[in-house]
Amino acid sequence: MFVSRAVKAIVQNRIAVTALLFLGLVFIVSLIYPLLSEYNYYAHNLDNVFLPPFSGKHVFGTDNFGRDLFVRVCEGAKISLKIGLAAALIQTLIGIIYGCLSGVYGGIIDEIMMRIADMFHSIPSLIIVILLTTFMGRSEMTIIIALSITDWTGMAKIMRGQTLLLREMEFVQSAKVLGVGNLRIITKHIIPNSMGAILVNVMLSIPAAIFAEAFLSFLGLGIEIPKASWGTLANEGFVYASSYPWLVIIPLSFIAVIMICFYVIGDTIKDALGG
Amino acid sequence: MEKLLELSDFSLYIKENKILDAINLCIGRGEIVSVVGESGSGKTMLAKSILNIVKAKHIRREGRILLEGKSIEDLPDEQMLKIRGKSIGMIFQEPLSYMNPTMKVGKQLTEPLIKHCGINYREAVEKLKLLLDRLKIDHLKEYLNKYPHELSGGMAQRGMISSTASCLPKIIIADEPTSSLDLIAQKSIIELLKSMTCDFGISVIFITHDLSLADKISERVIVLSKGRIVEEGKTKEVFINPKSEAAARLTASALRKVGNFNTKKTNAEKDILIRIEAVDKHFPNKTSNVLTDVSLEIYKGETVGLVGESGCGKSTFARLIARIIKPSAGKILYRNEDIFKSANYPQKVQMIFQNPFFSLDPQMKVENIVIEGVGRKYLPKKEALERVKHYLEMVGLEDDEISTRYSYQLSGGQCQRVSIARALIMNPELIVLDEPTSCLDTVSQAQILELFKRLKAENKVGYLFISHDIRLLAHICDRIAVMYKGTIIETGSCEDVLVRPVHPYTKQLISVCYNGT
Amino acid sequence: MPGELFVVKKNVPPQVLENITQKYGLDRPKLEQYFIYLGNVVRGDLGISMKYTNKSVNTIISKAFPVSVDLGLRALFIALSMGIILGIIAALNKNKPLDDITLFISVIGVAVPGFVLGTLSQYLLCYKLTGFLSRVTGSSFRLFPVSGWKGFSYTLVPSAVLAFGAMAIIIRMMRSSLLDVLELNYIVNAKVKGLSSREIITKHGIKNALFPIVSVLGPLSVSILLGSFAIEKIFSIPGLGHYLVTSVQEKDYTMVIGLSLFTSLIVILVNTITDILYSIMDPRVQLK
Numbered sequence: 002m003f004v005s006r007a008v009k010a011i012v013q014n015r016i017a018v019t020a021l022l023f024l025g026l027v028f029i030v031s032l033i034y035p036l037l038s039e040y041n042y043y044a045h046n047l048d049n050v051f052l053p054p055f056s057g058k059h060v061f062g063t064d065n066f067g068r069d070l071f072v073r074v075c076e077g078a079k080i081s082l083k084i085g086l087a088a089a090l091i092q093t094l095i096g097i098i099y100g101c102l103s104g105v106y107g108g109i110i111d112e113i114m115m116r117i118a119d120m121f122h123s124i125p126s127l128i129i130v131i132l133l134t135t136f137m138g139r140s141e142m143t144i145i146i147a148l149s150i151t152d153w154t155g156m157a158k159i160m161r162g163q164t165l166l167l168r169e170m171e172f173v174q175s176a177k178v179l180g181v182g183n184l185r186i187i188t189k190h191i192i193p194n195s196m197g198a199i200l201v202n203v204m205l206s207i208p209a210a211i212f213a214e215a216f217l218s219f220l221g222l223g224i225e226i227p228k229a230s231w232g233t234l235a236n237e238g239f240v241y242a243s244s245y246p247w248l249v250i251i252p253l254s255f256i257a258v259i260m261i262c263f264y265v266i267g268d269t270i271k272d273a274l275g276g
Numbered sequence: 123m124e125k126l127l128e129l130s131d132f133s134l135y136i137k138e139n140k141i142l143d144a145i146n147l148c149i150g151r152g153e154i155v156s157v158v159g160e161s162g163s164g165k166t167m168l169a170k171s172i173l174n175i176v177k178a179k180h181i182r183r184e185g186r187i188l189l190e191g192k193s194i195e196d197l198p199d200e201q202m203l204k205i206r207g208k209s210i211g212m213i214f215q216e217p218l219s220y221m222n223p224t225m226k227v228g229k230q231l232t233e234p235l236i237k238h239c240g241i242n243y244r245e246a247v248e249k250l251k252l253l254l255d256r257l258k259i260d261h262l263k264e265y266l267n268k269y270p271h272e273l274s275g276g277m278a279q280r281g282m283i284s285s286t287a288s289c290l291p292k293i294i295i296a297d298e299p300t301s302s303l304d305l306i307a308q309k310s311i312i313e314l315l316k317s318m319t320c321d322f323g324i325s326v327i328f329i330t331h332d333l334s335l336a337d338k339i340s341e342r343v344i345v346l347s348k349g350r351i352v353e354e355g356k357t358k359e360v361f362i363n364p365k366s367e368a369a370a371r372l373t374a375s376a377l378r379k380v381g382n383f384n385t386k387k388t389n390a391e392k393d394i395l396i397r398i399e400a401v402d403k404h405f406p407n408k409t410s411n412v413l414t415d416v417s418l419e420i421y422k423g424e425t426v427g428l429v430g431e432s433g434c435g436k437s438t439f440a441r442l443i444a445r446i447i448k449p450s451a452g453k454i455l456y457r458n459e460d461i462f463k464s465a466n467y468p469q470k471v472q473m474i475f476q477n478p479f480f481s482l483d484p485q486m487k488v489e490n491i492v493i494e495g496v497g498r499k500y501l502p503k504k505e506a507l508e509r510v511k512h513y514l515e516m517v518g519l520e521d522d523e524i525s526t527r528y529s530y531q532l533s534g535g536q537c538q539r540v541s542i543a544r545a546l547i548m549n550p551e552l553i554v555l556d557e558p559t560s561c562l563d564t565v566s567q568a569q570i571l572e573l574f575k576r577l578k579a580e581n582k583v584g585y586l587f588i589s590h591d592i593r594l595l596a597h598i599c600d601r602i603a604v605m606y607k608g609t610i611i612e613t614g615s616c617e618d619v620l621v622r623p624v625h626p627y628t629k630q631l632i633s634v635c636y637n638g639t
Numbered sequence: 002m003p004g005e006l007f008v009v010k011k012n013v014p015p016q017v018l019e020n021i022t023q024k025y026g027l028d029r030p031k032l033e034q035y036f037i038y039l040g041n042v043v044r045g046d047l048g049i050s051m052k053y054t055n056k057s058v059n060t061i062i063s064k065a066f067p068v069s070v071d072l073g074l075r076a077l078f079i080a081l082s083m084g085i086i087l088g089i090i091a092a093l094n095k096n097k098p099l100d101d102i103t104l105f106i107s108v109i110g111v112a113v114p115g116f117v118l119g120t121l122s123q124y125l126l127c128y129k130l131t132g133f134l135s136r137v138t139g140s141s142f143r144l145f146p147v148s149g150w151k152g153f154s155y156t157l158v159p160s161a162v163l164a165f166g167a168m169a170i171i172i173r174m175m176r177s178s179l180l181d182v183l184e185l186n187y188i189v190n191a192k193v194k195g196l197s198s199r200e201i202i203t204k205h206g207i208k209n210a211l212f213p214i215v216s217v218l219g220p221l222s223v224s225i226l227l228g229s230f231a232i233e234k235i236f237s238i239p240g241l242g243h244y245l246v247t248s249v250q251e252k253d254y255t256m257v258i259g260l261s262l263f264t265s266l267i268v269i270l271v272n273t274i275t276d277i278l279y280s281i282m283d284p285r286v287q288l289k
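So the protein sequences, as listed, match chains A, B and C.
Every number in the working numbering is 1 more than the matching position in the first sequence, counting from 1.
Every number in the working numbering is 122 more than the matching position in the second sequence, counting from 1.
Every number in the working numbering is 1 more than the matching position in the third sequence, counting from 1.
What follows is the structure, given as structure tokens:
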């Protein structure tokens, strides 16, 4: 019911549809770019450094090593989107399980679980991610894990709130009276009736995760060379901003536009489902 | 009588829908007039139109409103400001939501005085105190220093009325000012309004859906139905001899005589099914006990009624028996076994809740709702569906389609029937019913009560029927227990409790339910 | 513990080595070292930076912290004042052009990351615009300097950019909060009492509409604090973020941990303060 309402709302909103199409475009191109360009993302070509966009076959120009920027942006898309989506989904899962269990059991268990969540919440997640990546290394996997275990508190609090609310509703109480166990109550009553909040939260945590990774990489604390996410590309290009601005502006623009797209879609869903 | 306020052929259109149709009425100086009608008849719209505070798009007004002979129907806002609060005041149904939660009571209540009479805060407080003193509000200084959420409904409403009256307006419009209050507070508010008229000559337009209430406060009544005035006259006469259909309906719901109660011999058996022993219930965030030392015995097959005002603890009691919450002290036994240790309790005791729509999971189809307690683990689909059908028929839902519908596609009465089917499929020995008809319209109410009677005869299932309206219980119960502030103060057969009540609260409750006094 | 202290190739005089070893108990077993470290932390001694010999983490913090606080407070001030005012304007002009413009600004602020705006602003305003103005006027005065933190004009663009994201959130919240409050019953009652629209909004509307904003003040301040890391990098401002980033890249572990701990403490402090602030403002809330 929630999903169909969300889809309907998106389809009826022209801006949301545009956003969705653009996202789809970026996704597809990032996968099929070898068909569009003969270059790869790591080969140095020192004869062709710092070419501006549209120089011959270099659609976005080249960087300080002569690597084609378009191709690098495509690879960056794969990495940024992969990390963003994976982190968002995992943290949503953790949040749902944690919040539901805390709400359903209530009492002391709830108190303890919420104190722990508060601890995670009050320490800025970025700091924890920085610490974790410093000591665990900076691969895609560690960044995904680091982001997932720090930002789940939002979803957990929402699910706990939903659970506490729904727990008092007559249909959940009657399920208890009918003898339905806690686990079934969570899976059959609480989660289906919270799909609205879950969907909204997922859609809004994807850009948050993409942002977190881009932020880290931009500071130089995220994905390292030779692999590059958009944030890393921006970091590399920042040094040359005054002379060769496209090296930093193009990756940044992609970050910005992709995030706007996700936010627009998320906002549309949020308006439709009442947040 | 001098005409104070006059409406002449006044009509209100919202988006071309006629909300009020050619209203003609006049209010005299020092008069109390009641405007009665069912919900949706336009009473509140009328009140808001007089003060021109209807908030909607595409409003069109026709006709005239005259205050002391002068037109006010098309005054611009800056001039209406001088009339609102100063010449015409208004009080609302639920006082707490009409008060600013972050502003101290004293500051809010003196606002009209400060705005209209040009005095400062201190002087305003003095003037207000004179009025509040009459209301026997103790410790005035503390009262004014509180925040709205720290007051009870009755205290807040009395404050609101004093505040509205403090500028000595010519008219006070009271929109259902007592509906959200308990019976004792209701009485004091009515007295207060009457004294406003007697002592200060303030006219009152009293809006209500309860004719018996109108009878207590006003001499004249105007009956509104679908935006039109359908009857007008002396309250007593309209009460006894209603001429319009709307008035007749209002009279019927107000009149109930003691005497219609269940005199059939109970088919209860001798053994005790549920015994509640000295149960206390205390919630962590409330200061006093919700239930104190409650004891009751329920026999197999009997229908016990539990009556009490809202907030007395009835629902908490029901949830204890249904094992939704645990008692803080005392025991609840099912055939001498503690219910919380009893296996298969769901097959012995079931519960029906008050709100029919909230009782059903909006994401589930009716057939899945009904079968939920039985579980589908060992039941093949075909057999499950057949069982569902059987019980749906038992509760009067014979239509095949219904089992694939969702709760929002059903009416309140149908939802409640689904709840009943869901409970019956467990073959319980006792069903706890927590105000099962309060959220239904009068027609559905009657139908559901008939259903209960029939099921009782067919299934020999016992009921614990909880309600705030003793008239309802009188029709269906064998025994009645009366609950007041968390304790059971009286139990007995229907006849004993209704005709020969012992406890003073019981007497008052009966008096209020039947006569409205 | 990241006790591979002397992996860093620095020439440390033997005597200093001896002292450090003694002071921090580096010749004791690892677990004991850990407890010694914690003990020191509680006493406020976060250890010596592994890179900058002779500079303890504490001195770095005492130098960098005021800069970050300065930047953060300016940004918070801009975000709150502009955010609340614009939010009120948007609410009172609902569905009129002024509302649409304000909402558009806020969408950009919410969706576009701070460091993107920061880099773009630096490029456009500080580099291009300021350079252009300098050339045109022939003076050497730079309206928006590109980097550094040496005077008032240096603070303008960084604070404004840092504030933008938070400001956007506040605009949206203030707008919807005020609109919600104006639908409530006590506003109708105020109208019935004869108060004018202006009196209703100022006496009853705004205060109650501010609550949601106070409740997010904590997370908002934290986001400004974290955003400042990127802004400090872009504009080369010597604040906490700047040192934290460089210390990670240089694997200066004690610095990293010291700065992280300090930042976390600040965050907890800010959240506690905002909780207390909220309970003071809202009479319905009691601190447990």
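Don't be surprised by glycine CBs; every beta carbon is placed ideally from N, CA and C.
Under 7 Å by beta carbon: chain B residues contacting Gly180(A): Under the 7 Å cutoff, chain B gives Pro468, Gly495.
Cβ-Cβ separation, Gly152(B) to Thr319(B) (assumed contact under 8 Å), whole Å: 6 Å
DSSP has Tyr456(B) in a bridge; who is on the other side? Ile396(B), Glu459(B)
Would Asp332(B) count as contacting chain A if we go by Cβ distances under 8 Å? no
8 Å Cβ cutoff, Pro193(A) in contact with chain C: no
Alpha carbon of Tyr53(C) to alpha carbon of Phe239(A), nearest angstrom: With a pLDDT of 47 at Tyr53(C), under the threshold of 50, the predicted position of this residue should be treated as unreliable, and no value is reported.
Cβ atoms of Gly110(C) and Phe165(C): under 8 Å apart, would you say? yes
Status (buried if at least 16 other CB within 10 Å, exposed otherwise) for Pro558(B): buried
Please list, in chain order, all residues of the same chain as Met83(C) whose beta carbon is under 7 Å from its beta carbon, the five residues on each side excluded. Met168
Please compile the residues from chain C whose C-beta is within a distance smaller than 8 Å of the C-beta of Ala257(A). The answer, in chain order, is Ala112, Val113, Pro114, Val117.
Between Met170(A) and chain B, is any beta-carbon pair separated by less than 8 Å? At least one chain B Cβ lies under 8 Å of Met170(A).
Which of the three DSSP states is assigned to Leu107(B) in this structure? It is not possible to answer for residue 107(B), since the shown part of chain B is limited to 123 through 639.
The beta strand (DSSP E) with Ser347(B) in it runs from where to where? Here the beta strand (DSSP E) through Ser347(B) covers 342-347.
When the cut-off is 8 Å and only beta carbons count, does Thr357(B) lie next to chain C? Not closer than 8 Å to any Cβ of chain C, the Cβ of Thr357(B) fails to qualify, so no.
Proximal residues of chain A, C-beta to C-beta of Asn96(C) below 8 Å: Near Asn96(C) there are no residues of chain A at all, since even the closest Cβ is about 15 Å away, more than 8 Å.
By the three-class DSSP mapping on this structure, what secondary structure does Ser151(C) have? A small fix is needed here, since residue 151(C) is Lys in this sequence, not Ser. Of the three classes helix, strand and coil, the one that applies to Lys151(C) here is coil, per DSSP.
To the nearest angstrom, how far is the alpha carbon of Cys599(B) from that of Ser123(A)? Rounded to whole angstroms, Cys599(B) to Ser123(A) spans 57 Å at the Cα level.
Using the three-state DSSP reduction, which class does Arg182(B) fall into: helix, strand or coil? Arg182(B): strand per DSSP, three-state reduction.
Members of the stretch 99-132 of chain A near chain C, C-beta cut-off 7 Å: Ser123, Ile124, Pro125, Leu127, Ile128, Ile131, Leu132
Quick one: which chain C residues come within Cβ less than 8 Å of Ser219(B)? Leu185, Asn186, Tyr187
Interface residues of chain A facing Phe230(C) [CB-CB closer than 7 Å]: Per Cβ cutoff of 7 Å: Leu220.
What number of angstroms, rounded off, separates the C-alpha of Lys129(C) from the C-alpha of Glu237(A)? Note on geometry: alpha-carbon atoms of Lys129(C) and Glu237(A) lie some 21 Å from one another.
For Met548(B), decide whether its Cβ has a neighbour in chain A, counting only Cβ atoms nearer than 8 Å. yes
Compare the beta carbon distance of Leu595(B) and Val429(B) with 8 Å and say whether it is the shorter of the two. yes
What does a CB cutoff of less than 7 Å around Leu253(A) pick up in its chain, not counting 5 residues either side in sequence? Closer than 7 Å at Cβ, skipping near neighbours: Ala235.
Can you check whether the C-beta of Ser216(C) is within less than 8 Å of a C-beta belonging to chain B? Using a CB distance cut-off of 8 Å, Ser216(C) does not count as an interface residue toward chain B.
Can you pull the chain A neighbours of Gln485(B), defined as C-beta to C-beta under 7 Å? Met2, Pro193, Asn194
I need the straight-line Cα distance from Ser149(A) to Ser5(A), nearest angstrom please. 28 Å
Residues in the stretch 273-285 of chain C with C-beta within 9 Å of chain B's C-beta atoms, listed in sequence order? Met282, Asp283, Pro284, Arg285
Write down every uninterrupted run of the alpha helix (DSSP H) in the stretch 310-334 of chain B whose length is 4 residues or greater and which is fully enclosed by it, in chain order. Qualifying alpha helix (DSSP H) stretches: none in this window.
Where do the N-terminal and C-terminal ends of the alpha helix (DSSP H) with Val471(B) fall, by residue? Here Val471(B) belongs to no alpha helix (DSSP H); instead the beta strand (DSSP E) covers 471-474.
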